[in-house]
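Chains X and D supply the protein sequences, listed in that same order. Per this note's numbering, the first sequence runs over residues 200 to 596. Per this note's numbering, the second sequence runs over residues 200 to 596. Where is the CB? At the ideal position from N, CA and C, for every residue including glycine. For reference, the structure discussed in these notes is given below.
2 protein chains.
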Amino acid sequence: MTDFTATKAMFDLPQGITYLDGNSLGPLPRTAAARVARSVTDEWGQMLIGGWNRAGWMDLPRSLGDRIAALIGAEAGHVVLGDTLSIKVYQALASALELNPDRRVILSDTGNFPSDLYMAEGLCRTLGDGYRLKTLAPEDVAGAIDDSVAVLMLTEVDYRTGRRHDMRALTRAAHEAGALVIWDLAHSAGAFPVDLAGCGVDFAVGCTYKYLNSGPGGPAFIYVSPRHADAARPALSGWLGHEAPFAFDLEYRPSAGIDRMRVGTPPILQLAALEAALDVWRDVDLNDLRSASQALMDQYIAGVEDACPDLILATPRDHGMRGSQVSFRHPQAYAIMQAMIARGVVGDFRAPDVIRCGFTPLFLGAGDVARAVAVICDIMQNRLWENPAYQTRAKVT
Amino acid sequence: MTDFTATKAMFDLPQGITYLDGNSLGPLPRTAAARVARSVTDEWGQMLIGGWNRAGWMDLPRSLGDRIAALIGAEAGHVVLGDTLSIKVYQALASALELNPDRRVILSDTGNFPSDLYMAEGLCRTLGDGYRLKTLAPEDVAGAIDDSVAVLMLTEVDYRTGRRHDMRALTRAAHEAGALVIWDLAHSAGAFPVDLAGCGVDFAVGCTYKYLNSGPGGPAFIYVSPRHADAARPALSGWLGHEAPFAFDLEYRPSAGIDRMRVGTPPILQLAALEAALDVWRDVDLNDLRSASQALMDQYIAGVEDACPDLILATPRDHGMRGSQVSFRHPQAYAIMQAMIARGVVGDFRAPDVIRCGFTPLFLGAGDVARAVAVICDIMQNRLWENPAYQTRAKVT
């Protein structure tokens, strides 16, 4: 059994905070501060340019990619870090479309994170030639995978509701219809077991600053199935994806395999934080993590529903159909979340009416959930959200 | 007069190292370690998700962009940080091509950094429709700007030879021929005064980890002229370039102005290092910097040519025609650089035969140059590069 007391001790959480927002920005792993400081002072400061080789900077996007591969059921050597999730979406989409050249439709859903849809829109416009994005309600996607669809692009877990798609069934359906699939694992990686290879997924992308705790603006990752690895076109053909970056050839020749998805110079300080953050996973069994997370979510739902009938559950009750977050809807969701934060229970408001809380047993236990439930119920029963201070919207992240 | 003793004291350079490679990776500014540590421990650790507003993370790409704007002669409010230089090249190119829709040629030169050319190749392939990259020798560019050219895309300073293009004249020539211009300032920003607005430049891009000392993998920047700011298309249309990112609309509407060139979540730890690095510039007059850098280069060239006739100068002697680096050619350039590094004089080898050294008065003085000259001359006169240890090529960055 995974020892979640041990993992909790690996995080440096502020006193008095119940942090239910690790699905937006994971908290600071204790060793990350020292690891980043080492990267700044001992590596950059002392090795200077030599750090690229001596400190292994140049290899970090691949070596850390392998560690993430192990968490998402990917084959070793087929995940690489870099850029942001939006950029990785663009790369995956451009590659997938070129691998399926006779079709013109990208199929996605309204539960996808908007940036994925925006990047698809931008790519379609650049491609011209009839390419288009078709966006349906999540429940209508399965029935719409026909022979016009080049690529099915979905985020596995809906960032608002927490609804989880059936990756295996949808990947199979897409393949049967001759489409390729791209899965965005933003709310999956580090949240529960993922089986990319077993599901036969073509491309996957994800971020590291949510459940993988790499810190603000940590790099994204991309997975390309081994069967496409040497055929996928790197539309963003940067020098570090070149077969021989330091030959400085005038013409681009893609590197073999996943390295072609590298673009520019990797962000070493962010990668150092990620490296420390990945150490947390050493003795974690993802099945244990999943069971514990389901228990926390069940406890939270039961507690809130019991005492706060005005909050309407937006997340599926079915364990198989949800990620690792629970969302309730309420017209005053913004003010309610402000009141929660003022009392040290930190979750997210998501427009227009969602109170979103993430549950990860790495640093949360039943006591934390009980406290969160008590605070929310106090706010709802005593209408504490009516306080004008909670009604004024500042910038929202 | 700028006090370069004061700026030198702002850097933490290793004992015994003469660092002539700030043009590859600038050294560590003393305050950067504390600034990054604060970002990790006090901001990420204590503010958690709240850091996006409370610590001002979300504004850093723009506020630091304004500080860079002041160093490159750009209008305030028209520079933003993010991604890597290659990604920024792609954005600038895609925008510029769409602003000049009746033409199909991107004109560049063989002295451009290869990644810029690779990104252009990739974009042309994605666009299809006859778009193509035409790459000439640097001296042939001016004569080739005709009415087929949609965009002239050049790096101002050649990364190998240090040859500097005439930004003002080439920009004017391009505009007279109906072309737009993109300048890559990788080896310009922080190296000498740049006058983007005065030259009427359309787009500029650059990196921060060279002369701006932001550390390994620091973010890139992009400038869009005010006259294009609300018309340039953000081909990489990510959520942070949206008019209202946190409305989570399903359709992309570009933000007004430079914000549309933002893509994904900004790399906060790298931006923190950059913030500290930009403090070095507070009392620096770029004209003083330029004069001092020219003097260091003259001293270096005279010293090396005087004692090492086998080293052939690849950099223009004319002050107006070079950046802030000096390159010599020699068939044994790789081994010579290894011998230099072994003696604490750190520059760069650039394939196939270039010994490249960068000169910045921020942390280098005449004594450093004298030491470098003495070491190089010792190596050349005593053929120390023949040592087999220097002949074996490790990975080269």
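Nearest residue (CA-CA) to Met-257/X, options Met-318/X, Arg-426/X and Glu-242/X: Glu-242/X
Per DSSP, cross-strand counterpart(s) of Gln-524/X: Gly-557/X
For Tyr-218/D: DSSP bridge partner residues: Val-545/D
At least three beta-carbon pairs within less than 8 Å, the stretch 389–399 of chain D to the stretch 281–295 of chain X: no
Touching by the beta-carbon criterion (3+ pairs, under 8 Å), the stretch 399–410 of chain D and the stretch 371–388 of chain D: yes
Short CB-CB distance (under 7 Å) between Gln-469/X and chain D: yes
Reference Gly-255/D; option with closest CA among Asp-315/D, Val-235/D, Tyr-317/D and Ile-467/D: Ile-467/D
Whole-angstrom distance between Glu-355/D and Thr-217/D, CA atom to CA atom: 26 Å
Three-state secondary structure (DSSP) of Ile-500/X: helix
Residue-chain proximity (Ile-248/D, chain X), Cβ-Cβ < 7 Å: Taking 7 Å as the threshold, the shortest C-beta distance from Ile-248/D to chain X falls below it.
Closest residue to Pro-530/X among Gln-524/X, Arg-253/X and Met-579/X (Cα-Cα distance): Met-579/X
Chain-ordered neighbours of Asp-282/X on chain D, where CB pairs are closer than 9 Å: Asp-282, Thr-283, Ile-286, Val-462 and Gly-463
CB contact check: Leu-563/D to chain X, cutoff 7 Å: So no, Leu-563/D is outside the interface.
At least 3 beta-carbon pairs within less than 8 Å: the stretch 260–275 of chain D vs the stretch 294–310 of chain D: no
Contacts of Pro-587/D in chain X (Cβ-Cβ under 8 Å): By Cβ distance, chain X contributes nothing, its closest Cβ being about 19 Å from Pro-587/D, past 8 Å.
Segment contact, 8 Å Cβ cut-off, at least three pairs: the stretch 224–241 of chain X with the stretch 429–438 of chain X: no
Chain X within 7 Å of Val-595/D, Cβ atoms only: In this prediction, Val-595/D has a pLDDT of 47, which is less than 50 and means its spatial position is unreliable; nothing more can be read from the coordinates.
Sequence ranges, alpha helix (DSSP H) only - wholly within the stretch 300–332 of chain D, length at least 4: If we require 4 residues or more, the alpha helix (DSSP H) runs fully inside the stretch 300–332 of chain D come out as 313–326.
Min CB distance Tyr-193/D to chain X below 7 Å: Examination of residue 193/D is not possible in this model, given that chain D is present from 200 through 596 alone.
Ser-285/X beta carbon less than 7 Å from that of Gly-310/D: no
CB-CB length for Ala-606/D against Ile-554/D, believed under 8 Å: With chain D covering only 200 through 596, there is no way to say anything about residue 606/D.
Rounded C-alpha distance that separates Ile-535/X from Leu-316/X: 29 Å
Assumed close pair Leu-477/X, Leu-263/X - CB separation to whole angstroms, cut-off 8 Å: 6 Å
Cutoff 6 Å; reference Thr-596/D; Cβ partners in own chain excluding five residues on either side: With a pLDDT of only 47 at Thr-596/D, under 50, the local geometry of the prediction cannot be trusted, and no value is derived from it.
As assigned by DSSP and simplified to three states, the class of Asp-241/D: helix
Sequence-distant residues of its chain with Cβ nearer than 8 Å to Arg-331/D (five each side left out): Arg-303, Val-304, Ile-305 and Cys-323
Local Cβ density within 10 Å of Asp-482/D, reported as buried at 16 or more and exposed below that: With fewer than 16 other Cβ atoms within 10 Å, it is exposed.
Cβ contact check for the stretch 510–530 of chain D and the stretch 355–370 of chain D: 3 or more pairs under 8 Å: yes
Chain D contact for Gly-244/X (CB, 7 Å cutoff): yes
Spatial neighbours of Trp-584/X in its chain, beta-carbon cut-off 7 Å, leaving aside the 5 residues before and after: Gln-531, Ala-534, Ile-535, Ala-538 and Ile-578
Beta-carbon gap between Arg-542/X and Val-574/X smaller than 7 Å: yes
Interface positions of the stretch 307–337 of chain X facing chain D (Cβ-Cβ less than 7 Å), listed along the chain: Thr-309, Pro-313, Ser-314, Leu-316, Tyr-317, Met-318, Glu-320, Gly-321, Thr-325, Leu-326, Gly-327, Asp-328 and Thr-334
Reference Met-496/X; option with closest CA among Ala-565/X, Tyr-589/X, Val-423/X and Thr-325/X: Ala-565/X
For Pro-453/D, the residue or residues it bridges with in DSSP: His-441/D
CB of Pro-425/X within 7 Å of CB of His-277/X, strictly: yes
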